[in-house]
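Report on one structure; see the data block that follows.
4 protein chains.
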Amino acid sequence: MEHSIDLSKYQIRTDLAIESIKDIKDISEEVVEDNIKVTKVLVDDKISKIINKKNGNYITIEFDDVTDITNYNKVKKVFIKELNNLLNKLKIAKKDSCLIIGLGNSKSTPDSLGPLTINNIIVTNHLFELDELSDKYRRVSVLVPGVMGQTGLETSDVISSIVNKFKPNFIIVIDALASQSIERVNKTIQITDTGIHPGSGIGNSRKEISYETLNIPCIAIGVPTVVDAITIVSDTINYMHKHYTYSKLNINNPSHKLMVTQPNYLKEKIELNKKDKETLLGIVGTLEENEIKQLLFEVLTPIGYNMMVTPKEVDFLIEKLSNLIGNGINETLHNI
Amino acid sequence: MEHSIDLSKYQIRTDLAIESIKDIKDISEEVVEDNIKVTKVLVDDKISKIINKKNGNYITIEFDDVTDITNYNKVKKVFIKELNNLLNKLKIAKKDSCLIIGLGNSKSTPDSLGPLTINNIIVTNHLFELDELSDKYRRVSVLVPGVMGQTGLETSDVISSIVNKFKPNFIIVIDALASQSIERVNKTIQITDTGIHPGSGIGNSRKEISYETLNIPCIAIGVPTVVDAITIVSDTINYMHKHYTYSKLNINNPSHKLMVTQPNYLKEKIELNKKDKETLLGIVGTLEENEIKQLLFEVLTPIGYNMMVTPKEVDFLIEKLSNLIGNGINETLHNI
Amino acid sequence: MEHSIDLSKYQIRTDLAIESIKDIKDISEEVVEDNIKVTKVLVDDKISKIINKKNGNYITIEFDDVTDITNYNKVKKVFIKELNNLLNKLKIAKKDSCLIIGLGNSKSTPDSLGPLTINNIIVTNHLFELDELSDKYRRVSVLVPGVMGQTGLETSDVISSIVNKFKPNFIIVIDALASQSIERVNKTIQITDTGIHPGSGIGNSRKEISYETLNIPCIAIGVPTVVDAITIVSDTINYMHKHYTYSKLNINNPSHKLMVTQPNYLKEKIELNKKDKETLLGIVGTLEENEIKQLLFEVLTPIGYNMMVTPKEVDFLIEKLSNLIGNGINETLHNI
Amino acid sequence: MEHSIDLSKYQIRTDLAIESIKDIKDISEEVVEDNIKVTKVLVDDKISKIINKKNGNYITIEFDDVTDITNYNKVKKVFIKELNNLLNKLKIAKKDSCLIIGLGNSKSTPDSLGPLTINNIIVTNHLFELDELSDKYRRVSVLVPGVMGQTGLETSDVISSIVNKFKPNFIIVIDALASQSIERVNKTIQITDTGIHPGSGIGNSRKEISYETLNIPCIAIGVPTVVDAITIVSDTINYMHKHYTYSKLNINNPSHKLMVTQPNYLKEKIELNKKDKETLLGIVGTLEENEIKQLLFEVLTPIGYNMMVTPKEVDFLIEKLSNLIGNGINETLHNI
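Residue numbers (numbering that gives the first Met the number 0), protein chains in the order written: chain A, 0 to 335; chain B, 0 to 335; chain C, 0 to 335; chain D, 0 to 335.
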């Protein structure tokens, strides 16, 4: 039902698999190291039906902060390792040529991750004709197709015509994603071999950028940079519930009365119950998450609802992330 | 109480007077022409105490859309007329020199209104030494002081030192504002002769840019470009209330059952009652707006809450608005 | 011989026909109006052999200054008229769809004319699916293919694959040109129906963008934005000759002795003779222009010669010119 | 005499000391290491009179290429060492506060070195109030005053009013310079403790930014990013002379006849004689360098001469250089 919310309006074309699998147990493998969490899922036919995601590998890297140089380097190291693993799994050879595609709108900050990443890529394809390169490099070319609202051209058709003409051995697509949760914004990198599926879910293959449509491996790298305004309201309703229950439990806890800083309801496991939510939030408290989102969509549409929610320092964060991904790709594809 | 929410975190330093006076009757004069609404208030000692705003003139221009060229021109015309009126009221003479100051962070889109406007200003001050100008022009110079997070310098001190050195006859300050309502974002221009008061309300005169601190008229022009994430949640709770009441009233209305498009609860006057809100929203429904905002602030703080809400096309809108204000100022200050 | 100077090094791919025909009499039609000179040539088989330019129409608009708003509007009017004429001559119908291509490197100011012009184009192609447009508009889409040094992809192959996929009825290509004369830089617009011929002259059809390669009309619009450093030296040698002869002639002219400002050798017709040039410039004075350029190329190559000459205010001029061309194309293609 | 050529027209305010001292023996100390040449001069009263430069230390770092990462790091290391030496010589203490000023026009590529460098500076001054910093940092603030053509304000007055208000212990000024030689453009960094002297030479103290006017140490860091068009013509005339003499000497040298690549007249010591120059260049060959420049100025003025010469890849080079200088300053001023 949530898919009736048209996230594509602000040009964000894809989304985060980890959010679909969060409630399904035992299908993903998780490793945490140095505060960086890597979650890997192989979506097979069975899971695909449940979560409405395409079959394939999904690797999700979650981290805290890339503005700190130490943490930036740690995340980059993990990113390179995971991208390398995926290339090996896909049997991509050392000398296979790569076209890297930066999706999105360079003139809208949260959607500019793709084009900005391309600025950091070491491009070599044209130099091979000249024999000017040592064999540390492979053939790499890049494409920034723009968005249909600016070019008038269907982006997936631009990509397929370029791929058919230049015949790279594989492609990497970089894109900004929409998240269903404000906690993940600019703090997650998703790597997948399933390509890009504008709109949502599987089935709409017309505009798909994938192995099925292009006949070469299609790796997609995405970062959630924005949440829908509906998401922030819906998230907040959940937080209110947790906060309320937490406060009720601790209202007579003398240790809290002495606390200088606010107690943090997020840090503790709280048993939530439905009754509390109803008391706190009335009818709204009785609705399921999807029902709330549908309600919010109905409520906000008449006011010409067209808002997005981003971190205040989004310009700076997107710059850091595109730098990390660009340099990470360089170190993975070339022997430098 | 709402002022405990630190809007200054994202560098937006001021706010919209019209939001403080909306519940006070008979103090403002309103004219609507061509879908553009102009509201004027003269805040005197008495009103100042009630709304916690500085004494002075506040002119608010509200409009729908500046991306349409016809509407853009209409809004510009009204803006020029009102700015001219204020100059006359302040007895600013035809040849008085003006320093125009673009506040804000040129590297954060919603906060870049000031610096972008300055790009459109016709600067003449240095040409007067050369006698190169016809007498259609007055002396105009500009300053983009940056924000303290980037320069390390207190912005108001930068401004006062430049004013003291160059001694303009008056200044115009352009700044992005924070709004308490998503409906006003990028659809309102405020002109005032009270200057700029970082932080909020009156009383904190240390960083004030005003007649009182600089001894020359200080006109401030502002556009709300952003709302706090708390605002969108709080607004949505109100919309839910209206929507709920509206739906209840019309649930058996046969005409609605035949409607193809969604009925619009905003277009009709609805009598809201407290009981409905409580049924819909439980305890939350019993809270006053300020109490809800305080609750939201408490709820969101532990999750490292640092979000802002902007229209999806904010980059494009800020460009248009800075163009309108810049050219409007040019036509007002010079005889062109 | 001058073509051994590789202007393509700085990504400027084409050049100005008017410079090839300047010494051939009676082949062009010239009109001057309001200080704007329009020169039209139809290059046929015979002329093509002489000037090494492709058969077709070449329209050259020469003007003084586009930073002045009055002059800007005059030039735009002439540009629209001439572009319209050419569309009619090519029998392009009111509803024929157009792909507009901005060649060049958006990150090198003098080469950014193409990409910057695209920013000003009204794009409509994607809106036709939605029936959202009045019939004042035709289908327009845009492409910014980048330069091979940045993308790794041969630009003409990018263009041909997009044209083959989207099948526009005609294309317009915008590009920065190299000029052989500093007097023309940023003061000339060339419109032609011969397309783009990277490298130089005719014959190298591999990378050509033209009716012959794409099978649709290919209009090219170019502005010289740069001259090679060799050109400025060679031009200056000619100016020295004129200046010397002029000074010699006027050395005893009493009226000159009273002049406050410098006499202007350019404003008068002077009979130049070879002997003078030799006296002034020795062996160099005996060389033909092409021989001087060849000599300069030899002299400058060892010092890692890689210089270009631009007006000091090139950033500002390119912005104005791309705005003029973009808006001129909009008014020609759409009924607005 | 060359100073009648108004380089200040394109906003470049200062110039390179090394070009004035090149003909004076034994006053400078030169070290070459790793292809990086460092020249140090202490201009005292006597030398000052000869070269028309202000008394003080001038350190010039000459290098080949900063687009190569290895070389970039070498140059940065030398830059940090020399800047540190100068701070020590000026007895600037570990905790002394610094205001860093980026001169120039951010909208004209070759003049944007100052503003771009500021973007890379770690600013700390405002954080000291909050006790948020470890003692690895000193107080650093920044200022980008713009150019008078854009602000209408005399730049030196903007700087002095900010210095007087904020009272830093010393300032560092970064500026793009004009060079008299194309070989030095973007390949030289000059560090000096004499400040900035707009216009030229000493004596014009009105707009000076220096210890004498501000009473604190004023370090200036400059890179030549542009040469005047007159310079390139004049340089080329000299190169023609060398090339001619070299060719004459080697015309019958059989080894040259077998050479595939062009012989390089620059790599060998050639005895130049006046007679050759006259034969080659006639009257022009008899003129001194300053006389030639004066002649060129006269010749080019009537054609509305307003050209500059830059490397073709100037946008990219300025980005690298501002990055090097910004990070070099960070590592020198802070303990990071």
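Ideal placement from N, C-alpha and C gives every residue a C-beta, glycine not left out.
Of the residues the options, the one placed nearest residue i, counting alpha carbons only
| i | options | result |
| --- | --- | --- |
| D:THR224 | D:SER246, D:ILE188, D:TYR243, D:ILE215 | D:ILE188 |
| D:ILE208 | D:LYS186, D:ASP156, D:ASN168, D:THR230 | D:ASP156 |
| B:THR212 | B:TYR71, B:PRO310, B:LYS93, B:ILE158 | B:ILE158 |
| B:ASN54 | B:LYS90, B:ALA16, B:ASN84, B:LEU248 | B:ALA16 |
| D:ASN214 | D:ASN83, D:GLY327, D:ASP192 | D:ASP192 |
| A:ASN237 | B:TYR238, B:VAL139, B:VAL232 | B:VAL232 |
| A:LYS247 | A:ILE218, A:VAL226, A:THR278 | A:THR278 |
| C:SER19 | C:ASP44, C:ILE49, C:LYS45 | C:ILE49 |
| D:LYS14 | D:GLY325, D:ASP227, D:ILE291 | Before going further, note that residue 14 of chain D is Asp rather than Lys in the sequence given. Among D:GLY325, D:ASP227, D:ILE291, the Cα nearest to that of D:ASP14 belongs to D:ASP227. |
| B:ASP234 | B:GLY221, B:ILE181, B:ILE220 | B:ILE181 |
| B:ASN84 | B:ILE190, B:THR154, B:ILE335 | B:ILE190 |
| D:ILE58 | D:GLU312, D:GLU81, D:MET306, D:LEU295 | D:GLU81 |
| D:THR244 | D:ASN272, D:ILE328, D:ALA219 | D:ASN272 |
| A:LYS76 | A:LYS88, A:PHE315, A:ASN87, A:PHE62 | A:PHE62 |
| B:THR108 | A:ALA219, A:LYS311, A:ASP25, A:LEU299 | A:LYS311 |
| A:ARG183 | A:GLY325, A:ASP25, A:SER27, A:THR309 | A:THR309 |
| B:GLY281 | A:THR300, A:GLU297, A:MET239 | A:MET239 |
Three-state secondary structure (DSSP) of residue i
| i | result |
| --- | --- |
| A:GLN179 | coil |
| C:PHE169 | strand |
| A:ILE218 | strand |
| A:TYR136 | coil |
| D:GLY55 | strand |
| C:ILE99 | strand |
| D:ILE60 | strand |
| B:ASP174 | strand |
| B:GLU28 | strand |
| B:GLY325 | helix |
| C:ILE91 | coil |
| C:ILE190 | strand |
| D:LEU257 | The predicted model places D:LEU257 with a pLDDT of 48, which falls under 50 and marks its position as unreliable; any figure quoted below should be read in that light. Coil. |
| A:ILE35 | strand |
| A:LEU152 | coil |
| A:VAL65 | coil |
| D:VAL141 | strand |
| A:ILE158 | helix |
DSSP beta-bridge partners of residue i
| i | result |
| --- | --- |
| B:MET351 | Residue 351 of chain B cannot be examined here, being either before or after the span of chain B that is shown, 0 to 335. |
| D:ILE120 | Its beta-bridge partners do not exist; DSSP assigns none. |
| B:LEU41 | B:ASN56 |
| D:ASP385 | The requested residue 385 of chain D is not part of the displayed model; chain D covers only 0 to 335. |
Under 7 Å by beta carbon: chain G residues contacting residue i
| i | result |
| --- | --- |
| D:ASP314 | The chain labelled as chain G is not found among the protein chains of the depicted structure, namely A, B, C and D. |
Legend entry - contact_flag[the segment 317-327 of chain B, the segment 107-124 of chain B] where n(CB pairs < 8 Å) is 3 or more: Output reads yes: the segment 107-124 of chain B touches the segment 317-327 of chain B.
Inset, instruction - Could you say if the segment 281-292 of chain A and the segment 34-50 of chain A meet the contact criterion of at least three C-beta pairs nearer than 8 Å? - result: At 8 Å Cβ cutoff, the stretches do not touch.
Inset, instruction - Taking 8 Å as the threshold, find out whether the segment 99-110 of chain D comes into contact with the segment 161-173 of chain D through three or more Cβ pairs. - result: Cβ pair count under 8 Å is three or more, so yes.
Legend entry - chain D contacts made by the segment 230-250 of chain B, where a contact means CB separation under 9 Å: Residues of the segment 230-250 of chain B with a C-beta less than 9 Å from any C-beta of chain D: none at all.
Inset, instruction - Indicate whether the contact test is met: 3 or more Cβ pairs, each with one atom in the segment 88-95 of chain D and one in the segment 117-129 of chain D, closer than 8 Å. - result: At 8 Å Cβ cutoff, the stretches do not touch.
Inset, instruction - Return the residues of the segment 138-152 of chain D that lie within a Cβ-Cβ distance of less than 8 Å from chain B, sorted by chain order. - result: From the segment 138-152 of chain D, only ARG138, VAL139, SER140, VAL141, LEU142, VAL143, GLY145, MET147, GLY148, GLN149, THR150, GLY151, LEU152 have a Cβ closer than 8 Å to chain B.
Inset, instruction - With 9 Å as the C-beta to C-beta threshold (strictly closer), list the residues of the segment 171-184 of chain B near chain A in chain order. - result: Flagged, chain order: ILE181, GLU182, VAL184.
Legend entry - Sufficient close CB pairs (3 or more, under 8 Å) joining the segment 142-153 of chain A to the segment 135-148 of chain C: Short answer: they touch.
Inset, instruction - With 7 Å as the limit, tell me which residues of the segment 103-131 of chain C have their beta carbon closer than that to any beta carbon of chain A; keep them in chain order. - result: Listed in sequence order: VAL122, THR123, ASN124, HIS125.
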